[in-house]
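A.B. asks: With our numbering, letter number 111 in the sequence shown gets 112, and the count goes up by one each step, no holes. Beta carbons are placed, not taken as given, at the ideal position from N, Cα and C, and that holds for glycine. Have a look at this one before I ask anything.
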Amino acid sequence: MKMPFKDRYEPLAISHSYDEIVAKRNTYLSPSVKTFQAYNEPLVLEKGMGQWVWDVEGRRYLDLMAQNTCISAGYRHPLVESEVHRQMDRIQHVTTTYFNAAPGLLAEELVSRLPEGNDWVLHFVNSGAEAVDLALLMARLHTGAHDIIALRNSYHGLHFACMSLTGMQSARHAVPAAPGIIHVNSPSPYRGIFGDDTAMYIEDFDQAVMASTPGRIAGFIVEAIQGYGGVSPLPEGYLPAVFERTREAGGLCIIDEVQTAFGRLGSHYWGFEWLGVTPDIVVMGKGLGNGYPLSAVAVNRQIAESMSNAKFFNTYASNPISCAAGRAVLRAVDVDRLMENSGAVGSRMQERFSGLMEKHDVIGDVRGRGLLLGMELVQNRTAKTPAAEEAGRLMEFAKEKGVIIGKCGLYGNVLKINPPMCIRMEDVELVVEVLDQGLARL
């Protein structure tokens, strides 16, 4: 069959010049993008493999950020690459108006990994924020209520409604928030207003329902571990109690697993399993696509049917290439034993970080689980004065030594470690050596 294409096309030019790449970004991309620049001098990446990345000048870095937790199986994972290429050789996009094999196959495989007996269905979208936005819509339609309760210090994305859910000043623009969002205190044993008194945080939730709602709510949304809020795990007993109260108030329990799913926590496939609860809605993204835009909402069929009276459509949702990548990620987690690796390497890393804490007074707390870890820096352990400037200097030092680390938290003083799940045990020693040297210089 004759196609309306030329026999040959010249490859498009790609710049390999640091100065040219930086100049084009600063000239043609919006100033809003600059707020995400991590370093004093931009890091311009050109290639990656496994847990490693290289900049345009050939320097190699151990990536402990995984592109904001997106690279789960590793850069250029051979199975992900081969499945993506296989799909590209067939068709690159099919909207949800039509049928294609890839979305149904991925949905089936995800359902098989969710708790049995809930009649789960999947709705694919493109980003975690889109998935959170959809989860809110489902909860409100199904319950007929409006109010959503979220935690302070949480992060759920930067779409308008998601930004209103997010409980951090650094993620809030100076515009009125979306209505119907109520924040309660985050149950952080280290930074929380009630310390490690879990019962007080549960009481705070009860007070919010009584004082700020008509008694019925649409839902409660929570991260299994607060990611950008400072890598703060929920204390034992908190979530079962709050989920029970949410359901008593007529609401749905929504868990944001965008940063915690697919075995990253080392002991369980889903963060909610570790916390001993079963949610009504599961939001997932980031690592599901290993860098390809893919997220999803998993929900009981009856709840999903609440949306059947009107259209809900995302142009690129269920993209076959992204779905092919997602299927490959699920297989890689199983075949490469990435959950087990996350548990082993993460435990070793946390153990070594605790050793650094004994040596360096600037470390106020080490926390997290598996390969989602945080190291909080403080100027004074008693006062817990945030050491944000020191965290920034340590990030810069680590970069110069070939290690990429992020920082997060309400005060920007928590080092965030969430590498690709294929990171090796021997890499831990490089991380500890670099951090030890950098901490000694603060």
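If we count Cβ pairs, one from each stretch, closer than 8 Å, do we get three or more for the segment 246-262 versus the segment 222-236?
C.D. replies: Enough Cβ pairs lie closer than 8 Å, so yes.
A.B. asks: Compute the Euclidean distance between the alpha carbons of Thr247 and Ile203, then round it to the nearest angstrom.
C.D. replies: Their Cα atoms are separated by approximately 11 Å.
A.B. asks: For Gly118, which residues of its own chain have a beta-carbon under 8 Å away from its beta-carbon, when the five flanking residues on both sides are left out?
C.D. replies: Same-chain partners within the cutoff: there are none.
A.B. asks: For Pro12, which of helix, strand or coil comes out of DSSP?
C.D. replies: Three-state result, Pro12: coil.
A.B. asks: Look at the Cβ atom of Val34, then the Cβ atom of Ala136, and state whether they are nearer than 8 Å.
C.D. replies: Going by C-beta atoms, Val34 is not nearer than 8 Å to Ala136.
A.B. asks: Here's the rule I'm using: 16 or more other beta-carbon atoms within 10 Å means buried, otherwise exposed. How should Asn186 be labelled?
C.D. replies: When all chains shown are included, Asn186 counts as buried.
A.B. asks: In the DSSP assignment, what residue or residues form a beta bridge with Cys254?
C.D. replies: Cys254 pairs with Phe221.
A.B. asks: Which residue marks the beginning of the alpha helix (DSSP H) containing Gly448, and which one marks its end?
C.D. replies: Given that the chain is displayed from residue 2 to residue 443, the structure contains no residue 448 and the question cannot be resolved.
A.B. asks: Please list, in chain order, all residues of the same chain as Trp53 whose beta carbon is under 8 Å from its beta carbon, the five residues on each side excluded.
C.D. replies: Here the set comprises Arg61, Tyr62, Leu63, Asp64 and Tyr76.
A.B. asks: Beta-carbon separation of Ala388 and Lys408 under 8 Å?
C.D. replies: For Ala388 and Lys408, no; Cβs fall outside 8 Å.
A.B. asks: Across which residues does DSSP place Cys324 in a beta bridge pair?
C.D. replies: Cys324 is not bridged to any residue.
A.B. asks: With DSSP as the reference, please indicate the residues paired to Leu123 in a beta bridge.
C.D. replies: Looking at the DSSP assignment, Leu123 forms a beta bridge with Ala299.
A.B. asks: Between the Cα of Leu253 and those of Asn342, Val223 and His78, spot the shortest distance and give me the residue it belongs to.
C.D. replies: The shortest C-alpha separation from Leu253 is found at Val223.
A.B. asks: Taking only three categories from DSSP, how would you classify Ser33?
C.D. replies: Note: Ser33 maps to helix in three-state DSSP.
A.B. asks: For Val346, which residues in the same chain have their Cβ closer than 6 Å to its Cβ, ignoring the five residues on either side in sequence?
C.D. replies: Once the five neighbours on either side are set aside, the close Cβ partners of Val346 are Ile424 and Met426.
A.B. asks: Name the residue from Asp198, Ser18 and Val336 whose alpha carbon lies nearest to the alpha carbon of Tyr239.
C.D. replies: With distances taken between Cα atoms, Tyr239 lies closest to Asp198.
A.B. asks: Between Gln88 and the rest of its own chain, which residues show a CB-CB distance below 7 Å, the 5 nearest in sequence each way excluded?
C.D. replies: Here the set comprises Ala103, Pro321, Ile322 and Ala325.
A.B. asks: For Gly393, which of helix, strand or coil comes out of DSSP?
C.D. replies: Looking at Gly393 - three-state DSSP - the assignment turns out to be helix.
A.B. asks: Output the residue ranges of the alpha helix (DSSP H) runs that lie fully inside the segment 142-168 and measure 4 residues or longer, sorted by chain position.
C.D. replies: DSSP runs (the alpha helix (DSSP H)) wholly in the segment 142-168: 161-166.
A.B. asks: Helix, strand or coil for Ser73 per DSSP?
C.D. replies: Coil at Ser73, not helix or strand.
A.B. asks: Pull up the CB-CB distance for Ser73 and Met422, whole angstroms please, since I reckon it's below 8 Å.
C.D. replies: Correct: roughly 5 Å between the Cβ atoms.
A.B. asks: Which whole-angstrom value describes the C-beta separation of Leu270 and Met211, a residue pair presumed to lie in contact below a C-beta threshold of 8 Å?
C.D. replies: Correcting the residue identity first, residue 270 is Tyr in this sequence and not Leu. At roughly 36 Å, the Cβ-Cβ gap does not stay under 8 Å, so Tyr270 and Met211 are not in contact.
A.B. asks: Could you tell me if His143 is buried or exposed, where buried requires 16 or more neighbouring beta carbons within 10 angstroms of its beta carbon?
C.D. replies: With 16 or more Cβ atoms within 10 Å of its Cβ, His143 is classed as buried.
A.B. asks: Tell me, which residues are paired with Ser233 by DSSP?
C.D. replies: DSSP lists Gln227 as partners of Ser233.
A.B. asks: If you draw a straight line from the alpha carbon of Gly290 to that of Pro236, how long is it in whole angstroms?
C.D. replies: Using only the alpha carbons, I get a separation of about 29 Å.
A.B. asks: Starting from the C-beta of Val367, find all residues in its chain whose C-beta is less than 7 Å away, skip the five residues before and the five after it, and write them out in chain order.
C.D. replies: Answer for Val367: Gln351, Phe354, Ser355, Met358 and Met376, listed in chain order.
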